[in-house]
């Protein structure tokens, strides 16, 4: 599988926003590093569930890494756009 680049659909954004809402509701005081650890376990479980006949371990990990980088880019860009912002 080649890493597939595509814009986030409305459904993708709704899913991401649902995760954020669940975190805010269920664990509003949990430290960010603990939230990250829990989400990483979940990502690991999703990686394990991929069809190994269709996707190699390397291609799935490339997909994970490229999407982490994309998420980081969005946050950094937003920080830089903010009034007086810096990253």
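Numbering (this note's numbering), first residue to last: 26 to 112.
The beta carbon of each residue, even a glycine, is placed where N, CA and C say it ideally should be.
Rounded separation between residue i and residue j - CA only
i: residue 105; j: residue 99; result: 10 Å
i: residue 79; j: residue 97; result: 28 Å
i: residue 83; j: residue 90; result: 10 Å
i: residue 58; j: residue 65; result: 10 Å
i: residue 71; j: residue 95; result: 19 Å
i: residue 33; j: residue 53; result: 26 Å
i: residue 92; j: residue 36; result: 16 Å
i: residue 42; j: residue 50; result: 12 Å
i: residue 75; j: residue 109; result: 43 Å
i: residue 60; j: residue 30; result: 26 Å
CA nearest to the CA of residue i, picked from the options
i: residue 73; options: 41, 86 and 61; result: 86
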